[in-house]
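> Let me give you the structure first, and then I'll get to my questions.
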Amino acid sequence: MTNANTHQFISDESVSGQEFRTLRNNIALQVSRDDVSVLLMTSATSGEGKSYVAANLAASFATEGKRTLLVEGNLHRPILASVFDLKGQDGLASLVDVAPESVDVDKLVVDTKINRLAVAVAGESLADPAQLLASAAFEEFLQQVKTKFDIIVIDGPAMADASEAGLIAELASGVIVVAKADGPSKRLVKQTIAQVRDLNAELVGTVLNQA
Numbered sequence: 001m002t003n004a005n006t007h008q009f010i011s012d013e014s015v016s017g018q019e020f021r022t023l024r025n026n027i028a029l030q031v032s033r034d035d036v037s038v039l040l041m042t043s044a045t046s047g048e049g050k051s052y053v054a055a056n057l058a059a060s061f062a063t064e065g066k067r068t069l070l071v072e073g074n075l076h077r078p079i080l081a082s083v084f085d086l087k088g089q090d091g092l093a094s095l096v097d098v099a100p101e102s103v104d105v106d107k108l109v110v111d112t113k114i115n116r117l118a119v120a121v122a123g124e125s126l127a128d129p130a131q132l133l134a135s136a137a138f139e140e141f142l143q144q145v146k147t148k149f150d151i152i153v154i155d156g157p158a159m160a161d162a163s164e165a166g167l168i169a170e171l172a173s174g175v176i177v178v179a180k181a182d183g184p185s186k187r188l189v190k191q192t193i194a195q196v197r198d199l200n201a202e203l204v205g206t207v208l209n210q211a
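Position 57, counted from 1, in the sequence shown is what the UniProt record's numbering calls 57; the numbers after and before it change by one each time, with no gaps.
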């Protein structure tokens, strides 16, 4: 990666490291029954490293040979445009009030410097992301990218924004809960897992982020 921000966020060591290989392989085994996997990354609260884990997991799938798309589903605090040096790129926020038949994923999906890894950024932050996430346009976006990629990793909102996380979970094949090592208490993590199950979503697993 040539962009300094990306190099700090996704290092070669992280992409090829044993922890992400193990995580990737465990996830691949659990969701192998799906032709295309859509994975939502969430957490109890913000600041637990969801974006870091999502980006490195997506990069790990790509280096394994999977056509991988990283989708920025946290429209409150978008950061991936900065990480991948894509400021000014059309993002998912542009789908607000767009008719589903007018969705053009080619304008939203951008290849990265990592082979087989593409990204769809949020664009501008939205005051009410639920309006977009509940829209037919967002669902159409996911339906279209499913035909283009082997695996889709969504860097989603925290369960503190339960309504938004729930909207994405309904469209995902599975959910992964990220917890920072020195972050929320075990009680909060257990509560988050319970929330995921209450949504009738498939809990793929939990990740302890020690970064």
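Where is the CB? At the ideal position from N, CA and C, for every residue including glycine. Being a predicted model, the structure only gives us computed values, none of them experimental.
Starting from V121, trace the beta strand (DSSP E) in both directions and tell me its first and last residue.
Careful: V121 lies outside any beta strand (DSSP E) and carries neither H nor E.
> Is residue 212 buried or exposed, if buried means 16 or more other CB atoms sit within 10 Å of its CB?
The requested residue 212 is not part of the displayed model; the chain covers only 1 to 211.
> Is there at least one non-hydrogen atom of the ligand MN closer than 7 angstroms to the beta-carbon of K87?
Absence of the ligand MN from the depicted structure is noted, as is the absence of any ligand whatsoever, leaving it without description.
> Alpha carbon to alpha carbon, how far is D111 from V119? Give it in angstroms, no decimals.
Those two C-alpha atoms are separated by around 6 angstroms.
> Where A28 and L188 are concerned, what is the direct C-alpha to C-alpha distance, given to the nearest angstrom?
Computed Cα separation, rounded: 27 angstroms.
> Using three-state DSSP, classify G166 as helix, strand or coil.
Helix.
> Assign Q195 to one of two classes, buried (16 or more other C-beta atoms within 10 Å of its C-beta) or exposed (fewer than that).
Buried, since its Cβ has 16 or more Cβ neighbours within 10 Å.
> If we ignore side chains and look at the alpha-carbon of each, how far apart do A181 and L95 end up?
So the two alpha carbons sit approximately 36 angstroms from each other.
> Pull up the distance between the alpha-carbon of N26 and that of T206, whole angstroms please.
Approximately 11 angstroms between the Cα atoms of the pair.
> Determine whether the Cβ of T22 lies closer than 8 angstroms to any Cβ atom of chain D.
This model lacks chain D altogether; it includes just one protein chain.
> Would you mind reading off the limits of the beta strand (DSSP E) that contains K146?
K146 -> not in any beta strand (DSSP E); alpha helix (DSSP H) instead, spanning A136 to K146.
> Under 8 angstroms between the Cβ atoms of I114 and A44?
Cβ distance not < 8 angstroms, so I114 and A44 don't count as in contact.
> Examine the Cβ distances between the region 36 to 55 and the region 151 to 160 and report whether three or more of them are shorter than 8 angstroms.
With a cut-off of 8 angstroms, the region 151 to 160 and the region 36 to 55 count as touching, because enough Cβ pairs lie within range.
> Quick one: using the 10 Å Cβ neighbour count with 16 as the cut-off for buried, is N200 buried or exposed?
N200 should be labelled exposed.
> What does DSSP give as the partner residue(s) for L70 in the beta ladder?
Answer is V119 and V153.
> Just the C-alpha distance for I79 and S125, rounded to the nearest angstrom, thanks.
Their backbone Cα atoms lie some 10 angstroms apart in a straight line.
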